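Novice:
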Amino acid sequence: MKKPEVEGFPSFKYTLIKTERLVLRASRKTDFKKWCEVRARNESYLKPFEPEWSDNWNTRRVFSRRVSRQEKEWVNGLAYSYLVFERGSQDIIGGMNVNAVNRGAAQFASLGYWVSEDKQGQGLMSEAMTGIIFFCFYILNLDRLNAATLEKNEKSIRLLKSKGFEEEGFARKYIEIEGRRQDHLLFGLNKTGSST
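Per our numbering, residue 24 is the first one in the sequence shown, and the count goes up by one each step.
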């Protein structure tokens with residue numbers, strides 16, 4: 024696989040991560056309609072794996088605030104949220120989030136991600152993950168990435184392991200999913216152990 028390309032960094036509005044089949048970029052307020060469509064279409068599919076959303080998640084005001092918050096986090100180097108698109112399409116197929124960026128002696132961040140149910144099994148999330156790992160290790164110059172997943176999320180576990188993440192532990196009642204705190208498996212990837 025060809026090495027991912029990163030253009031326009033550190034600009035929130037113009038940074039692109041490009042892989043063979045995908046483009047990752049930050050949310051824009053003009054994405055509102057497409058965002059609502061993909062999230063509504065996947066609501067029941069994603070619900071068992073994500074924190075609960077507010078009842079008004081699909082309003083323009085809430086989406087606009089979300090984009091503004093993401094831009095503020097980006098500018099301050101705290102988090103980098105990307106939407107995932109297939110090249111040549113304006114349809115959102117997933118999301119990749121680099122959260123809780125720690126600098127100083129730590130130099131790590133946590134990853135979160137989702138993909139539309141109809142895009143499963145095509146290797147697209149694996150490709151998006153390759154782009155994000157490259158961005159984190161070679162653009163942000165982080166030394167480590169962490170990820171947590173529910174024990175029942177076998178697809179997520181397979182994805183992480185395929186990218187070189189190692190299972191490092193177990194966290195009891197770690198993140199609130201579907202209205203209750205749930206146990207998670209903890210994974211880590213060090214830059215020195217990455218093939219990206």
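Glycine is no exception: its CB is placed at the ideal position from the N, C-alpha and C atoms. None of the values given here were measured: they were computed from a predicted structure.
1) Could you round the C-beta distance between residue 153 and residue 208 to whole angstroms and report it? I think they count as a contact, below 8 Å.
2) What is the rounded straight-line gap between the Cα of residue 68 and the Cα of residue 37?
3) According to DSSP, simplified to helix, strand and coil, what is residue 185?
4) Using DSSP bridges, identify the partner residues of residue 148.
5) Are the CB atoms of residue 104 and residue 118 nearer to each other than 8 Å?
6) Using 8 Å as the threshold, is the C-beta distance between residue 165 and residue 132 below it?
7) In terms of residues, what are the limits of the beta strand (DSSP E) holding residue 136?
8) Candidates 72, 66 and 92: which alpha carbon is nearest residue 175's?
9) Could you tell me which of 45, 26, 155 and 196 sits nearest to residue 121, measuring between CA atoms?
10) Would you mind giving the Cβ-Cβ distance between residue 107 and residue 170, rounded to the nearest angstrom? I have them listed as a contact below 8 Å.
11) Quick one: residues in its chain with C-beta nearer than 8 Å to the C-beta of residue 87, no 5 flanking neighbours on either side, listed in chain order?
12) Identify the residues that DSSP records as bridge partners of residue 124: which are they?
13) If we call anything under 8 Å between Cβ atoms a contact, is residue 224 one with residue 205?
14) So residue 203 is in the beta strand (DSSP E); what residue range does that whole segment cover?
15) So what does DSSP say about residue 63, is it helix, strand or coil?
16) Taking C-alpha atoms, which residue in 123, 178, 125 and 85 lies nearest to residue 144?
Specialist: Taking the structure as given:
1) Taking the sequence shown and counting its residues from 1, the one referred to as residue 153 is at position 130. Taking the sequence shown and counting its residues from 1, the one referred to as residue 208 is at position 185. The Cβ separation is near 21 Å, so there is no contact.
2) Locating residue 68 in the sequence shown gives position 45, counting from the first residue. Locating residue 37 in the sequence shown gives position 14, counting from the first residue. Cα to Cα, the separation comes out at about 31 Å.
3) For the purposes of this step, residue 185 is taken as the residue at position 162 of the sequence shown. It is helical.
4) Here residue 148 refers to the residue found at position 125 of the sequence shown. Paired residues: none, contrary to the question.
5) Counting from 1 along the sequence shown, the entry for residue 104 is found at position 81. Counting from 1 along the sequence shown, the entry for residue 118 is found at position 95. Taking 8 Å as the Cβ cut-off, residue 104 and residue 118 qualify as a contacting pair.
6) If you number the sequence shown from 1, residue 165 lands on position 142. If you number the sequence shown from 1, residue 132 lands on position 109. Contact: yes.
7) Looking up residue 136 in the sequence shown gives position 113. 131-138 is the span of the beta strand (DSSP E), which, as asked, contains residue 136.
8) Residue numbering aside, residue 175 sits at position 152 when the sequence shown is read from its first letter. Out of 72, 66 and 92, 72 has the C-alpha closest to the C-alpha of residue 175.
9) Counted from its first residue, the sequence shown places residue 121 at position 98. The residue with the shortest Cα to Cα distance from residue 121 is 155.
10) Residue numbering aside, residue 107 sits at position 84 when the sequence shown is read from its first letter. Residue numbering aside, residue 170 sits at position 147 when the sequence shown is read from its first letter. No, residue 107 and residue 170 are not in contact; Cβ-Cβ is about 16 Å, not under 8 Å.
11) One-based indexing of the sequence shown puts residue 87 at position 64. The residues are 52 and 55.
12) The count along the sequence shown starts at 1 and reaches residue 124 at position 101. Answer is none; residue 124 lacks a bridge partner.
13) With the chain covering only 24 through 219, there is no way to say anything about residue 224.
14) Here residue 203 refers to the residue found at position 180 when the sequence shown is read from its first residue. Note, residue 203: beta strand (DSSP E), 203-213.
15) By one-based count along the sequence shown, residue 63 stands at place 40. Residue 63: helix per DSSP, three-state reduction.
16) Counted from its first residue, the sequence shown places residue 144 at position 121. For the residues 123, 178, 125 and 85, the minimum Cα distance to residue 144 belongs to 178.
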